[in-house]
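Have a look at the structure below before the remarks.
Residue numbers (the numbering used here): 3 to 244.
Have a look at this one:
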């Protein structure tokens, strides 16, 4: 099925919420008419305001709500429309969510999914243009994912929702304009099957990138092919592979 990037996310959330009543969705502008740039379209109407709701702008509080809910059997999905401001929730994310499984000797889990949307590329200013995926990939206890298209957005989000670890998915806004065929699943694929994807084949050079830069790498590979240089291009989706 041909889908745009935000539609693939919305459909994934719809599938998960239909199957599992413990899944709920919240964050800034989730209930707004923009529906988080179209990635939560129709979900509030279908599942109601108790499972799809907007919150005040308080990043640390948002994460705290999600952690508490996750520890009590829910599977929350928290949307941050500006990834930069996750820095305001580092205490909850690093000192709480990422450590609870270890400090409880595996007796407690935090199945929390955080969707962090990165920039736009114009008019966003220094405060709205950061991507902190490399920073967060250094902390034990967190899964960090970066999709490169509609299919990987679907696969990674479905995995994250059903993972018992806290997961963060960084979504670049330019990817929201990409359309591609998506095979929708109702259960997550094995993680090893979605950790990376080969975008281009070649024998002369290997390029590994993530997010929007994987798309740029693909453009570079096509330009180099015109000069007789054939490149492998790999899109890395899992920034902390086991």
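Glycine is no exception: its CB is placed at the ideal position from the N, C-alpha and C atoms.
Values in this document were obtained by computation on a predicted structure and should not be read as measured data.
Margin query: The alpha helix (DSSP H) that contains residue 14, what's its start and end?
Written below: As a working note, residue 14 is residue 12 in the chain shown. Start and end: 7-21.
Which residues does DSSP pair with residue 28 in a beta bridge? Your numbering for residue 28 matches position 26 in the chain shown. Answer by DSSP bridge pairing, in chain order: 55 and 80.
Practice task
Classify residue 4 as buried or exposed, calling it buried when 16 or more other Cβ atoms lie within 10 Å of its own Cβ.
Solution key: In the chain shown, residue 4 corresponds to position 2, counting from 1. When all chains shown are included, residue 4 counts as exposed.
- Item | Proximal residues to residue 236 (C-beta, below 6 Å), its chain only, five neighbours per side dropped | For the purposes of this step, residue 236 is taken as residue 234 along the chain shown, with counting starting at 1. Only 198, 200 and 210 meet the Cβ criterion.
Exercise for review: Hey, could you find the ends of the beta strand (DSSP E) residue 146 is sitting in?
Suggested key: As a first step, residue 146 must be located in the chain shown, where it is residue number 144. First-last of the beta strand (DSSP E) with residue 146: 145-147.
Exercise for the section: Would you check if the region 12-22 and the region 91-105 touch, i.e. whether three or more CB-CB distances between them fall below 8 Å? Expected result: no
Where the beta strand (DSSP E) containing residue 199 begins and where it ends: In the chain shown, residue 199 corresponds to position 197, counting from 1. 198-202 is the span of the beta strand (DSSP E), which, as asked, contains residue 199.
Tell me, please, whether the region 6-19 touches the region 37-52 by the rule of three or more beta-carbon pairs shorter than 8 Å. yes
**OP:** Work out the CA separation of residue 228 and residue 172 for me, nearest whole Å.
**Re:** In the chain shown, the residue the question calls residue 172 occupies position 170. In the chain shown, the residue the question calls residue 228 occupies position 226. Straight-line Cα distance between these residues: approximately 32 Å.
* To the nearest angstrom, report how far apart residue 101 and residue 64 are at their CA atoms. => To locate residue 101, count along the chain shown from 1; it is residue 99. To locate residue 64, count along the chain shown from 1; it is residue 62. Answer to the nearest angstrom: the Cα atoms are 18 Å apart.
- Query: Is residue 46 helix, strand or coil by DSSP?
  - Reply: Taking the chain shown and counting its residues from 1, one reaches residue 46 at position 44. It is helical.
- Message: Checking 8 Å against the spacing of the C-beta atoms, do residue 141 and residue 78 come in under that value?
- Response: Taking the first residue of the chain shown as 1, we reach residue 141 at position 139. Taking the first residue of the chain shown as 1, we reach residue 78 at position 76. No, Cβ-Cβ distance for residue 141 and residue 78 is not below 8 Å.
Original post:
Nearest to residue 59 by CA position, among 143, 226 and 87, is which residue?
Top reply: As a working mapping, residue 59 is identified with position 57 in the chain shown. Per the Cα distances, 87.
So, helix, strand or coil for residue 39, using DSSP? Here the question's residue 39 lines up with position 37 in the chain shown. The answer is helix: DSSP assigns residue 39 an H, G or I state.
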